[in-house]
Structures are given as structure tokens and as C-alpha cells.
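All remarks here apply to the structure that follows.
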Amino acid sequence: MPISNRPTLPSFRALLLAACVPSVVTAEDNPVLEDWRPFEALPASEQVGIAPYCPGGFVDPLKLDPTVDPNLPNEQSPITFLFDYSREISEDGAALVGNVSARQNTFRAQADEFIYERPSNSGELLGHVRLRTIGILVTGEEADLNFDDQTSTVDNAHFALHEQDMHGSARTLYRSGGNYLEGQSASFTRCMPQDPQWQIRAASFEVDRDTGIAKAWHARFEIKSIPVFYFPYVSFPIDDRRRSGFLTATYGLGEGPSFSELAVPYYFNLAPNFDDTLTLHYFSDLGWLARNEFRFLTENHNGISDIDWQLRNDAELQDETANAEDVQRWAVRHRQNGQLTDSTSYNLDTRWVSDIQYDQNFNNGGDPVEDQKLNLGLIQQVPTGTVRVNTKATTPVQDSESKFHTASVNASTRIGQFSPSILGEWQEPKDDTVTAAQHGLKRLPEASLRYQPLGLPGSLTFNNTLTYSRFTRELDEERLDALTGNQVTYATTTHRYYANAGLSYPFDVEWGYLRPEIEGIYWAYDRINELDPNFSFEDEDFQKSPDAEAWRFTTDSRMILERPYATADGLVVHSLEPRLHYTYTPYVDQDHLPDLNTSAVDNDFKLFTKSRFSGLDRVGDMNRVSAALDTRLRDRESGSEIVFLGVSKGLKLSQERVTEGDAEEIDPDFVPEYSPNYLDARWTPERHLQINASAQWEHRTWDLDGYSLDVTLLPPNRSFLRVGITGDNLTEGEGTQSLAVSTYWPLRENLAVIGYANWEKPLEDGVETDDFRYTDLVYGLDYDSCCWNVRLVGFNSVPDEDDEETTETGLFASRTDSGIKFEFTLKGLGGSTGTVESLLDEKVPGYRGRLFTYR
Numbered sequence: 001m002p003i004s005n006r007p008t009l010p011s012f013r014a015l016l017l018a019a020c021v022p023s024v025v026t027a028e029d030n031p032v033l034e035d036w037r038p039f040e041a042l043p044a045s046e047q048v049g050i051a052p053y054c055p056g057g058f059v060d061p062l063k064l065d066p067t068v069d070p071n072l073p074n075e076q077s078p079i080t081f082l083f084d085y086s087r088e089i090s091e092d093g094a095a096l097v098g099n100v101s102a103r104q105n106t107f108r109a110q111a112d113e114f115i116y117e118r119p120s121n122s123g124e125l126l127g128h129v130r131l132r133t134i135g136i137l138v139t140g141e142e143a144d145l146n147f148d149d150q151t152s153t154v155d156n157a158h159f160a161l162h163e164q165d166m167h168g169s170a171r172t173l174y175r176s177g178g179n180y181l182e183g184q185s186a187s188f189t190r191c192m193p194q195d196p197q198w199q200i201r202a203a204s205f206e207v208d209r210d211t212g213i214a215k216a217w218h219a220r221f222e223i224k225s226i227p228v229f230y231f232p233y234v235s236f237p238i239d240d241r242r243r244s245g246f247l248t249a250t251y252g253l254g255e256g257p258s259f260s261e262l263a264v265p266y267y268f269n270l271a272p273n274f275d276d277t278l279t280l281h282y283f284s285d286l287g288w289l290a291r292n293e294f295r296f297l298t299e300n301h302n303g304i305s306d307i308d309w310q311l312r313n314d315a316e317l318q319d320e321t322a323n324a325e326d327v328q329r330w331a332v333r334h335r336q337n338g339q340l341t342d343s344t345s346y347n348l349d350t351r352w353v354s355d356i357q358y359d360q361n362f363n364n365g366g367d368p369v370e371d372q373k374l375n376l377g378l379i380q381q382v383p384t385g386t387v388r389v390n391t392k393a394t395t396p397v398q399d400s401e402s403k404f405h406t407a408s409v410n411a412s413t414r415i416g417q418f419s420p421s422i423l424g425e426w427q428e429p430k431d432d433t434v435t436a437a438q439h440g441l442k443r444l445p446e447a448s449l450r451y452q453p454l455g456l457p458g459s460l461t462f463n464n465t466l467t468y469s470r471f472t473r474e475l476d477e478e479r480l481d482a483l484t485g486n487q488v489t490y491a492t493t494t495h496r497y498y499a500n501a502g503l504s505y506p507f508d509v510e511w512g513y514l515r516p517e518i519e520g521i522y523w524a525y526d527r528i529n530e531l532d533p534n535f536s537f538e539d540e541d542f543q544k545s546p547d548a549e550a551w552r553f554t555t556d557s558r559m560i561l562e563r564p565y566a567t568a569d570g571l572v573v574h575s576l577e578p579r580l581h582y583t584y585t586p587y588v589d590q591d592h593l594p595d596l597n598t599s600a601v602d603n604d605f606k607l608f609t610k611s612r613f614s615g616l617d618r619v620g621d622m623n624r625v626s627a628a629l630d631t632r633l634r635d636r637e638s639g640s641e642i643v644f645l646g647v648s649k650g651l652k653l654s655q656e657r658v659t660e661g662d663a664e665e666i667d668p669d670f671v672p673e674y675s676p677n678y679l680d681a682r683w684t685p686e687r688h689l690q691i692n693a694s695a696q697w698e699h700r701t702w703d704l705d706g707y708s709l710d711v712t713l714l715p716p717n718r719s720f721l722r723v724g725i726t727g728d729n730l731t732e733g734e735g736t737q738s739l740a741v742s743t744y745w746p747l748r749e750n751l752a753v754i755g756y757a758n759w760e761k762p763l764e765d766g767v768e769t770d771d772f773r774y775t776d777l778v779y780g781l782d783y784d785s786c787c788w789n790v791r792l793v794g795f796n797s798v799p800d801e802d803d804e805e806t807t808e809t810g811l812f813a814s815r816t817d818s819g820i821k822f823e824f825t826l827k828g829l830g831g832s833t834g835t836v837e838s839l840l841d842e843k844v845p846g847y848r849g850r851l852f853t854y855r
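Under full-length UniProt numbering, residue 855 is the last one in the sequence shown; the count climbs by one each step, no gaps.
Put into C-alpha cells, the structure is as follows:
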């Protein structure tokens with residue numbers, strides 16, 4: 001609830017009035033209940049947004065009256081009076097008695113008696129007063145009414161705002177037009193009249209539907225008639241329009257349990273396309289943190305800026321040589337994208353933090369941050385296509401073990417049949433303690449040109465790629481002078497030249513495909529050493545300008561055999577899809593070649609691949625066959641898959657000798673090597689339920705080496721249930737088994753459980769060791785009533801080994817990633833999603849947003 005930043009001290013009279021305000025009357029005595037309808041009796045348009053477990057809602061009869069024209073000003077309509085009889089009628093007025101009603105388009109007035117004065121076009125209503133405008137009903141015993149300015153003053157009043165489902169009472173209620181109410185000695189609530197679980201009593205209040213704001217002075221918030229809070233002044237929104245005010249606060253409990261956290265956000269509605277949210281976040285062990293999020297949206301640009309600033313540092317320093325008062329903790333992030341010109345767009349993302357444990361301490365146990373980062377992308381439309389430029393830069397966080405400031409720029413485009421690209425990488429040591437050995441090789445530059453001619457006969461395709469790379473450590477003079485012995489190799493700059501030409505003639509038809517391809521590869525190096533041009537520190541086999549050439553043949557084929565079947569649910573199509581993939585690359589000696597930026601990517605006998613390495617320094621010898629047999633059922637009308645089952649296997653026909661280092665010796669006893677047996681299955685028994693499974697068995701023994709089973713239920717609303725079990729490396733003596741359950745599921749119409757749990761069990765030498773131990777645990781409840789909502793979430797995570805290693809090096813120790821957070825929202829008094837939402841987004845896989853979004 002928005003609280004004024006200019007509170008006034010309550011007077012004794014105001015406090016006395018607030019104390020004497022009557023409670024919201026019972027349902028039986030409440031005259032505004034004549035506009036209340038049970039949920040089943042509500043028009044369909046009115047049921048939208050009201051929870052089905054609520055008793056009902058207010059219905060405005062004027063909105064259903066075909067004789068009412070809301071677009072016609074009332075002063076342009078005549079006033080019509082209906083009554084049983086009159087005591088007096090003259091040119092100056094009338095005294096009307098018995099079921100008196102006055103109508104003027106969107107305005108209605110009813111009473112037992114009406115004394116009307118024609119000169120002032122006003123009068124006095126007596127007995128069972130009813131005043132209506134669109135969206136508002138006011139009742140009372142007596143009222144003064146002016147038809148000209150549509151104002152009235154009602155004594156002992158009750159009122160209802162239909163669209164907001166707000167109702168209450170006041171000793172005196174002033175009404176102006178159809179959108180403004182002002183009351184004295186009032187009480188009001190958003191709860192159902194049958195069960196007003198909370199209410200606000202105030203010495204005075206006003207409701208302005210034009211601005212969408214309600215205000216109250218000397219207000220007391222009560223739950224079940226028990227006073228809870230007193231506010232000298234309070235304001236809150238009564239509709240969904242954006243406006244400044246407090247959002248939902250989040251409370252946290254730590255061990256004990258004891259109060260550990262409080263987040264209070266305030267929203268600033270600066271302009272239709274600008275807003276800002278300032279959150280004061282208190283941590284019992286860290287102090288106060290101010291968080292600010294600024295958002296903007298213009299015709300050509302949009303972005304979000306986040307700034308965190310610790311107001312007071314209560315955390316204990318892990319580094320005993322530092323003083324906590326001298327360490328300011330902060331975080332900055334900016335994300336932006338847009339159009340610079342009609343043909344130029346961009347995107348920017350940068351984030352900087354004060355220390356590596358910042359996210360772990362302040363953001364629900366986030367990962368340590370070693371480097372500040374900046375990413376900038378530019379896209380330029382040119383007549384020949386698109387030019388893309390991506391820039392990345394990093395710099396070490398002050399207490400991280402990262403050694404370098406780094407930067408890279410990558411630009412690419414396509415010009416007809418040519419696709420050129422260029423890459424540059426830089427690094428700069430952060431201080432003088434960084435040695436030459438710690439400098440990594442960087443490409444400065446790497447230029448590539450791909451040529452793919454168009455208009456070749458049939459489906460013939462030709463691809464040619466040329467790449468030049470210069471690898472260097474860019475050592476400064478001081479570090480170069482310090483190199484001795486074999487360390488001189490760090491002064492070597494290597495030029496790499498790479499060429500790849502491929503020819504393919506694919507045959508793609510409706511029932512399958514055949515895609516043969518042959519490639520020729522040549523790559524060479526030229527090495528230059530700034531300190532020793534003769535490379536006297538190398539061995540006799542060293543080559544200054546080594547090269548190699550290789551070729552590769554690959555063919556991939558698949559058949560799709562389909563047959564329709566008629567079932568009780570309609571036509572389905574059954575398919576049988578065999579696939580055969582073969583690749584052959586002969587062995588080429590590459591021991592004399594440097595390995596600059598290449599690594600193996602095929603440690604697990606990957607199927608349907610033509611390369612065993614990433615990078616351009618190695619071409620792995622391969623003689624492999626991969627085969628698969630898939631079968632599936634799909635709905636013929638929608639094309640959606642119902643059942644899938646696939647088995648696959650691979651075979652190494654010859655020894656694969658090339659490695660990142662020296663080649664393996666020829667194995668005279670080599671026999672063809674089979675891959676594990678793979679099984680993949682999917683089943684969608686109904687639209688919202690999917691079951692995925694996979695398994696892997698050893699070839700000879702058929703011992704189970706790995707498996708996974710995942711069952712996911714996704715109803716149309718945001719609820720979900722996911723259960724998964726996995727097992728990895730079960731035959732290698734260091735395997736693990738895990739069980740994960742994730743859910744956001746309604747237990748009742750208005751009660752949902754939130755949870756995520758992941759348990760793991762290590763295995764040693766195939767023998768089960770301990771029971772399952774949890775690594776992540778999230779548990780909570782979401783309860784929604786007709787007039788309030790509460791979300792309670794607990795969480796606990798066990799840090800992994802990498803996080804524990806990082807914890808030992810930073811200025812600040814990591815916090816225990818556990819606690820309880822809860823949010824309490826009063827419906828009708830504004831508010832929005834608090835920090836519990838971000839916690840669930842981060843820690844509950846599959847979470848898709850709030851389930852209860854009723855007004």
C-alpha cells in the first residue's frame with residue numbers, strides 16, 4: 001500500500017473518530033447487497049477475473065440497462081420522476097412520497113420521500129435512499145442531492161464500487177459526479193460481504209475513480225476486527241492502471257526461525273514509457289541494500305538499468321587484512337536494444353559487481369562472479385545482406401583470481417556467394433604478478449572466407465572455406481626480457497592457414513534422403529619467435545613451417561516408410577525410419593603440428609558425426625558406421641507426435657590414433673569397437689502429458705550404464721508436475737543416481753503447493769554407498785482467497801565443490817543458501833509480484849508464473 005512520504009501527526013479528535021468508526025456491517029444488514037449476485041448467477045462477462053471459489057460479485061444493473069447511454073452527458077437528458085403520490089406540487093418544487101425515483105440517463109435516485117426545489121434543481125431524500133451512477137451504489141437514510149453538479153451528501157451511508165468489488169460504510173458520505181466519493185468516520189474492505197476478513201477504518205477517506213486512487217487519513221488496518229497497523233495517511237490504487245506506490249513486500253526467516261530479511265519495493269510511474277522501482281532490502285547479516293530498476297521504452301530504443309548499492313555493510317570480511325567499512329558493495333547491470341537508424345540495430349548487455357560473492361550473498365545463492373562483462377552487438381542491413389558485429393569485453397572483479405582484461409570483436413556478413421568474417425582477441429594482464437606462462441594464445445586476427453556458388457547442376461553443392469589465424473601472447477617487453485630457457489617458446493607467434501573444400505550431391509525426396517559428401521582439407525603453420533629466430537630451444541624434430549593434408553568422406557541416409565491407420569480417435573500415421581551414417585577419414589600424421597585451440601569432443605563415442613575435434617588443428621582419423629531405427633505414431637490431422645521409439649548404435653571399424661598430442665601407436669590386436677546400445681522413447685498419451693525416457697547399455701555385457709526418465713504434466717493453466725530420475729556412469733565406479741521432483745500444483749481450488757527437490761546418491765565401484773542426499777530443496781504454499789493472497793516459500797541448497805573453492809579466495813564468505821520467504825497481498829489495495837517470484841524463477845525448473853491471478 002502506498003504510504004505518503006509526508007505523514008501528519010494524528011490529532012486526538014481524529015484518533016477518537018477512527019476508534020469509533022463502525023465495523024463493516026454484516027451481510028444481512030448491508031443494503032448494498034441488493035447488487036450482489038452468487039457466482040453462478042453472474043453474467044459471463046462479470047465472471048472473468050473472479051475466482052470460482054468466491055461466493056460471487058457485485059453487478060451494476062445500469063450496465064445491463066439498454067436505456068442507458070454512457071456516452072451521452074446527463075445534462076442532455078431530461079429528469080423523470082416516478083412516485084406514488086405527492087403532498088405538494090408547485091412551480092417552485094414538489095414533495096413526492098412513496099417509492100420515489102428520479103432518472104437522468106446514467107443517474108438514478110430512490111427514496112421513500114423526495115422534497116424537490118426547482119430553482120436550485122436540488123432536493124432532500126428521506127428514507128431508504130439509493131443513489132446510483134455507473135459503477136457506484138450509495139445507500140443511506142437521508143441525503144441532499146443537486147442534479148446540476150451531480151453532488152450529494154448522504155448520512156449513515158453504505159456504498160459499493162462494482163468493478164473493484166469494494167464496499168463499506170461511512171457516517172457521512174459526500175458524492176460528486178459519478179467518480180468521486182469522500183467519507184467521514186468510514187470503514188471499507190475488498191473482501192466478500194459474507195466474510196470481511198480484513199477492513200480499513202479511517203477518520204476520513206476519498207475515492208477518485210478518475211485517477212484510480214483511494215486515500216485514507218488516520219487509518220487503522222484490521223484483520224477479523226483486530227487492529228494490526230495504524231497509518232496517519234495511506235493511499236492505494238483501485239484499478240490496474242500503472243501508478244506510483246508500494247508493491248508487495250517480501251519477508252524472510254532464517255535459522256531459528258528468526259527474522260532475517262525484508263524487501264520493500266516502491267514503484268515510480270514516471271511517464272507512459274518510463275518507470276522506476278526502488279527496493280529497500282534488509283538482510284540481518286549483511287545490512288541494508290538499495291536496489292533500483294529503471295525501465296524505458298521509446299520508439300527506437302528500450303532498456304533496463306539495475307543498480308544495487310549497499311547502504312550499510314554488516315558482513316564479516318573473509319580477508320582479515322581488509323576493513324569492512326572500506327569495502328563498498330554494489331552491482332550494476334544495463335540491458336538495451338533498439339534501432340540506431342532504419343538499417344542499423346544494436347543490443348547491449350553489461351554487468352559489473354563489487355566482489356565475486358555478491359550474487360551468492362544477495363541474489364538467492366547465485367554463482368560467484370569472476371569477471372565484469374560487456375557485450376555489444378550491431379546489425380547493419382546492406383544491399384547485399386546483413387553485417388553483424390559482436391564485441392565482448394571482460395575485466396576481473398577486484399577479489400577474483402582472473403588474471404586478464406580481455407576483449408574480442410567478431411564481424412561477419414554475406415555478399416552473394418561469399419561469406420567473410422573476421423575475429424580479433426586481446427588480453428591485458430591485470431597486474432605485474434601475471435607471468436608469461438599464464439598468458440593464453442589469442443587470435444589477432446582470424447579471417448575467414450566461405451564460398452558457396454549458386455546455380456550448380458541439380459542439387460550439387462560446393463563449399464570452400466579459407467581461414468587465416470595469427471596466434472600470439474602479445475607479451476610486453478618486460479615479460480619478454482624475463483624469459484629464459486624453454487620459456488622462450490612463449491614468445492612464438494604462429495600463423496595458421498586452413499583450407500576446406502567440400503562437394504555434395506544430396507538426394508532429398510518425400511520418403512527419405514541420401515546425402516553423400518567428400519571434403520579435402522589442407523592446413524599449414526608458420527612460426528616466428530621474437531627472441532630466437534632459429535628456435536634453438538626446440539628439439540631436432542621441430543619444424544618451423546609444418547603442414548598436413550587430409551580428406552574425408554561422409555554419407556548420411558534415411559528412409560521414411562509410412563502407413564495410416566484408423567483408430568477410435570481418428571487417423572494416425574505409423575512410420576518406420578531406418579538411418580545409416582558412414583564417415584571415413586584416413587590417418588594422417590599430425591605429431592609435428594601445434595595444437596593452438598583444439599580439443600576432443602568425442603569422448604563418449606558420439607554417433608552421426610564426422611569429426612572428433614573442435615578447432616582446426618586436428619583432423620581425426622575415423623572409419624565409423626552409425627545406425628538407427630526409429631518408429632513413431634503421429635496424428636494425421638495435427639501432425640503432433642504421439643509415440644516415438646528409437647534405437648541406435650555405432651561401430652568403429654578401425655583404430656582411431658590421432659589425439660591432441662602425439663598419435664597412439666598402432667594396435668595390432670585392434671578389433672572393431674562397438675558403441676553402447678542407445679534407446680530413446682517419447683510418449684504423449686494426452687496433450688498435456690509427456691513422458692521421455694532414454695537408456696544406455698554396455699555393448700558386450702548389457703550392463704546398464706546410464707538412464708533417464710522424465711514425466712511432465714502441463715495443464716493449460718500455469719500448474720505443472722515434473723518427475724525425473726537419472727543415472728550416469730553406472731559401470732565406471734564413479735557414477736551417480738539422482739531423483740528430481742518439481743511442481744506447482746493446486747491441492748484445492750485456492751491452495752497450491754510449490755516445490756522442487758533434487759536428491760543424489762553417489763556410487764562407488766558399482767556398489768551403492770549412502771542413501772539419497774538432497775542438493776536442492778524448495779518448498780512452499782500459495783494460498784488465494786477472495787480478498788488476499790499469501791505465498792510462503794522455503795529453500796535450501798548445498799554448495800558444490802567449485803563454489804566452495806571460490807569461497808576461500810574472495811573478500812567475503814558465502815552465505816548459507818537457505819531460508820524462508822513469504823509475501824502477503826491484500827486484493828484491491830494494489831501490490832504486485834515481489835522477490836518470491838524471482839526466487840521461484842531461479843530455483844524451480846519449469847515454473848511458468850503465478851497460478852492464481854484473479855482480481
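C-beta atoms are modelled at their ideal positions from N, C-alpha and C, and glycine is treated no differently. Bear in mind that the values here come from a model prediction, so they are computed numbers and not experimental data.
Can you look up Glu-182 in the DSSP assignment and give me helix, strand or coil?
In the structure shown, Glu-182 sits in a strand (DSSP, three-state: E or B).
From Phe-114 to Val-32, what distance separates their C-alpha atoms?
Rounded to whole angstroms, Phe-114 to Val-32 spans 21 Å at the Cα level.
Compute the Euclidean distance between the alpha carbons of Asn-347 and Lys-373, then round it to the nearest angstrom.
Looking at the two C-alpha atoms, the distance is approximately 14 Å.
Between the Cα of Val-711 and the Cα atoms of His-699, Ser-408 and Glu-686, which residue gives the shortest distance?
The residue with the shortest Cα to Cα distance from Val-711 is Glu-686.
Opposite Leu-278 in the DSSP bridges: which residues?
According to DSSP, Leu-278 bridges with Tyr-266 and Asn-292.
In this structure, how does DSSP classify Ala-44 when only helix, strand and coil are distinguished?
Looking at Ala-44 - three-state DSSP - the assignment turns out to be helix.
Relative to the alpha-carbon of Glu-477, which residue among Gln-590, Ser-459, Thr-467 and Thr-435 has its alpha-carbon at the smallest distance?
Here the closest residue by C-alpha is Thr-435.
Which residue's Cα is closest to the Cα of Thr-151: Glu-673, Ser-122 and Gly-661?
Answer by Cα proximity: Ser-122.
Pull up the distance between the alpha-carbon of Arg-6 and that of Asn-361, whole angstroms please.
Annotation note: pLDDT 29 at Arg-6 (below 50); position unreliable, no value reported.
At which residues does the beta strand (DSSP E) containing Val-500 begin and terminate?
Reading off the sequence, residue 500 comes out as Asn, not Val. Start and end: 492 to 504.
How about the region 454 to 461 and the region 489 to 501: do they share at least three Cβ pairs that are nearer than 8 Å?
Output reads no: the region 489 to 501 does not touch the region 454 to 461.
Rounding to the nearest angstrom, what Cα-Cα distance links Leu-730 and Ser-648 in this structure?
Near 20 Å, if we compare the C-alpha coordinates of Ser-648 and Leu-730.
Determine the DSSP secondary structure at Gly-724, reduced to helix, strand or coil.
Three-state result, Gly-724: strand.
List the DSSP bridge partners of Asp-349.
Asp-349 is bridged to Arg-335 and Asn-375.
Spell out a yes or no on whether the region 623 to 630 and the region 577 to 588 are touching, meaning 3 or more CB-CB pairs, one atom from each, closer than 8 Å.
As far as the Cβ criterion goes, the region 623 to 630 touches the region 577 to 588, which means the pair count is three or higher.
With Lys-63 as the anchor, note down where its alpha helix (DSSP H) starts and where it stops.
It spans 61 to 64 - the alpha helix (DSSP H) in which Lys-63 sits, taken as one unbroken run.
Tell whether a beta-carbon distance below 8 Å holds between Arg-132 and Phe-159.
Not in contact: Arg-132 and Phe-159 (Cβ atoms no closer than 8 Å).
Would you identify the three-state DSSP class for Asp-210, choosing helix, strand or coil?
Of the three classes helix, strand and coil, the one that applies to Asp-210 here is coil, per DSSP.
Between the C-alpha atoms of residue 856 and Gly-56, what's the straight-line distance to the nearest angstrom?
One cannot answer for residue 856 here, as it falls past the ends of the chain, which runs 1 to 855.
Out of Pro-506, Tyr-116 and Thr-853, point me to the one whose CA is closest to Leu-82's CA.
Checking every option, the nearest Cα to that of Leu-82 belongs to Tyr-116.
In terms of residue numbering, what span does the beta strand (DSSP E) encompassing Glu-577 cover?
570 to 585 is the span of the beta strand (DSSP E), which, as asked, contains Glu-577.
I'd like the span of the alpha helix (DSSP H) that includes Tyr-707, first residue to last.
From DSSP, Tyr-707 is part of no alpha helix (DSSP H) but of the beta strand (DSSP E) over 704 to 713.
Using C-beta distances below 6 Å, list every residue in its chain close to Arg-414, excluding the 5 sequence neighbours before and after it, in chain order.
Within the same chain, Arg-414 has close Cβ partners Gly-385.
Starting from the C-beta of Arg-295, find all residues in its chain whose C-beta is less than 6 Å away, skip the five residues before and the five after it, and write them out in chain order.
Excluding positions up to five away in sequence, the list reads Asp-275 and Ile-304.
With the cut-off set at 8 Å, would you say Ser-263 and Thr-835 are in Cβ contact?
At residue 263 the sequence reads Ala, which differs from the Ser that was named. Yes, they are a contact pair.
Suppose contacts are defined by Cβ-Cβ distances below 8 Å. Is Phe-39 in contact with His-162 by that definition?
No, these two residues do not count as a Cβ contact at 8 Å.
Taking the continuous alpha helix (DSSP H) assigned at Thr-835, which residues delimit it?
Where Thr-835 is concerned, the enclosing alpha helix (DSSP H) stretches over 835 to 843.
Under a Cβ-count criterion, where at least 16 other Cβ atoms within 10 Å of its own Cβ denotes burial, should Lys-224 be classed as buried or exposed?
Looking at its Cβ environment, which holds fewer than 16 other Cβ atoms inside 10 Å, Lys-224 is exposed.
What residue does the alpha helix (DSSP H) around Arg-443 start on, and which one ends it?
Careful: Arg-443 lies outside any alpha helix (DSSP H), inside the beta strand (DSSP E) at 442 to 451.
Just the Cα atoms here: how many angstroms apart are Pro-22 and Glu-142?
Reliability fails at Pro-22, whose pLDDT of 43 lies under 50, so the model's placement of it is uncertain and the value that follows must be treated cautiously. So the two alpha carbons sit approximately 18 Å from each other.
Would you tell me roughly how many angstroms separate the C-alpha atoms of Val-25 and Ile-89, rounded to the nearest one?
With a pLDDT of 45 at Val-25, under the threshold of 50, the modelled position of that residue is not reliable, and no figure is offered here.
Tell me whether Trp-702 is buried or exposed, calling it buried when 16 or more other Cβ atoms sit within 10 Å of its Cβ.
With fewer than 16 Cβ atoms within 10 Å of its Cβ, Trp-702 is classed as exposed.
I need the DSSP call for Ala-249, collapsed to helix, strand or coil.
Of the three classes helix, strand and coil, the one that applies to Ala-249 here is coil, per DSSP.
If you follow the alpha helix (DSSP H) that Gln-360 is in, where does it begin and where does it stop?
Element bounds for Gln-360: 358 to 362.
Could you check which residue in Thr-631, Ala-693, Tyr-779 and Asn-486 has the C-alpha nearest to that of Asp-539?
It is Asn-486.
Does DSSP put Glu-732 in a helix, in a strand, or in coil?
Looking at Glu-732 - three-state DSSP - the assignment turns out to be coil, as it is neither helix nor strand.
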